[in-house]
Amino acid sequence: MFKKLISLAIGITVSMMSSIATAKPLQAYPNAKAFADAYFEVWNQRNYAAISEFYDADVVYRDLNLGTQTKGLNELERFIRKAVTDTPDLKFIALDAVKEGNQKLAIRWQMTGTSEGKGFEIEGASIMRLRKGKVVFNSDYYK
């Protein structure tokens, strides 16, 4: 069950980063936290059509806790959809975000939801590399 939750958290992070139709490159946001908030808004609204607005076509997404890695938008979307199916009330909140230039971003987040009738709250972090304002590599860490 915990592995499902972790997988779900990571999938959500990745999928929701997919983005809102109004997503902009990282450098267009006033700060890293604003980018992170927009990124998770897409996830929380299940806006799968907007995934390509936050993620590069060749994105590599890793969930180290689950030992999972996806490559490309299609694999990422499948991963996210499964996570949401397993935990329909899954939500992410960006707690903090810092960036280094326009190529590196770290987001500390909180994931909440219900799995197998039990509520959960997990804190984690996503470390990202960006190219032209889109995520090309994402690695999620949580406990």
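The sequence shown maps to residues -23 to -1, 1 to 120 in mature numbering (1 follows the signal peptide of the UniProt record, and there is no 0). Just so you know, even glycine gets a beta-carbon here, dropped at the ideal spot from N, CA and C.
(request) Using a threshold of 7 Å, state whether the C-beta atoms of Gln87 and Leu72 are closer than that. (result) Here residue 87 is taken as the residue at index 110 of the sequence shown, counted from 1. Here residue 72 is taken as the residue at index 95 of the sequence shown, counted from 1. Contact flag set, yes.
(message) Just to confirm my understanding: we take Arg85, look at its own chain, exclude 5 residues before and 5 after, and list those with CB closer than 6 Å. What are they?
(response) As a position in the sequence shown, residue 85 is number 108, starting the count at 1. Once the five neighbours on either side are set aside, the close Cβ partners of Arg85 are Leu72, Asp73, Ala102.
(request) Please name the residue in Gly110, Asp40, Ala83, Asp63 whose C-alpha comes closest to that of Lys120. (result) Along the sequence shown, one-based indexing puts residue 120 at 143. Of the candidates Gly110, Asp40, Ala83, Asp63, the one whose C-alpha sits nearest the C-alpha of Lys120 is Asp40.
(message) What residue range does the beta strand (DSSP E) around Ala102 cover?
(response) One-based indexing of the sequence shown puts residue 102 at position 125. Per DSSP, Ala102 belongs to the beta strand (DSSP E) from 95 to 108.
(request) Answer yes or no: do Phe31 and Val112 have a C-beta to C-beta separation smaller than 7 Å? (result) Taking the first residue of the sequence shown as position 1, residue 31 is located at position 54. Taking the first residue of the sequence shown as position 1, residue 112 is located at position 135. Taking 7 Å as the Cβ cut-off, Phe31 and Val112 qualify as a contacting pair.
(message) Check whether the stretch 21 to 29 and the stretch 50 to 67 are in contact - that is, three or more C-beta pairs closer than 8 Å.
(response) yes
(message) In the DSSP output, which residue or residues are listed as bridge partners for Asn71?
(response) For the purposes of this step, residue 71 is taken as residue 94 along the sequence shown, with counting starting at 1. The question names Asn, yet the displayed sequence has Ala at residue 71. In DSSP, Ala71 forms a bridge with Trp86.
(message) Which of the three DSSP states is assigned to Asp117 in this structure?
(response) Working through the sequence shown from its first residue, we reach residue 117 at position 140. Three-state DSSP puts Asp117 in a strand.
(message) Short of 6 Å in beta carbon distance, which residues of its chain neighbour Ala26, apart from the five on each side in sequence? Order them along the chain.
(response) For the purposes of this step, residue 26 is taken as residue 49 along the sequence shown, with counting starting at 1. Excluding sequence neighbours, Ala26 sits near nothing in its chain.
(message) On the CB-based measure, 16 or more other CB atoms within 10 Å of its CB, does Ala(-3) come out buried or exposed?
(response) Here residue -3 refers to the residue found at position 21 when the sequence shown is read from its first residue. For Ala(-3), the predicted structure reports a pLDDT of 40, less than 50, and the residue's modelled location is therefore unreliable. A value from the coordinates is still provided. Classification of Ala(-3): exposed, given that the 10 Å Cβ count is below 16.
(request) State yes or no: is the C-beta of Leu3 within less than 7 Å of the C-beta of Phe12? (result) For the purposes of this step, residue 3 is taken as residue 26 along the sequence shown, with counting starting at 1. For the purposes of this step, residue 12 is taken as residue 35 along the sequence shown, with counting starting at 1. It is a contact, given that the beta carbons lie within the stated cut-off.
(request) Verify whether the separation of the beta carbon atoms of Ala9 and Leu82 is less than 7 Å. (result) Here the question's residue 9 lines up with position 32 in the sequence shown. Here the question's residue 82 lines up with position 105 in the sequence shown. Contact: yes.
(message) If I follow the unbroken alpha helix (DSSP H) through Arg23, where does it start and stop?
(response) Locating residue 23 in the sequence shown gives position 46, where the first residue counts as 1. First-last for Arg23: undefined, no H or E at that position.
(message) Using a Cβ-Cβ cutoff of less than 6 Å, which residues in the same chain neighbour Tyr38 once the five nearest sequence positions on both sides are dropped?
(response) For this step, residue 38 is matched to residue 61 along the sequence shown. The residues are Val(-10), Thr47, Leu53, Asn115.
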